[in-house]
Amino acid sequence: MLKMLKTLIITATSLFLATVAIYWFNLDTKLVALLQPFMTKHYDSMERDKRL
1 MLKMLKTLII
11 TATSLFLATV
21 AIYWFNLDTK
31 LVALLQPFMT
41 KHYDSMERDK
51 RL
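Per the numbering used here, the sequence shown runs over residues 1 to 52.
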């Protein structure tokens, strides 16, 4: 039981530190900025039912 609790605490702490690092360094926005050209190319090549 103690080993399971220790594993749970280490896992929760690791996940918390990972989310803090993602927030602190703004990594989610940087990832989206890297993916934007590929997403734009994909959505621009899609056929439209209606013109905007």
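Think of the CB as a built atom: it goes at the ideal place given N, C-alpha and C, for glycine as much as any other residue. Given the structure is predicted, the values throughout are model-derived calculations rather than measurements.
DSSP places Phe16 in the uninterrupted alpha helix (DSSP H) bounded by 2-24. Taken through DSSP and simplified to helix, strand or coil, Asp44 comes out as helix. C-alpha of Leu8 to C-alpha of Met46: approximately 45 angstroms in a straight line.
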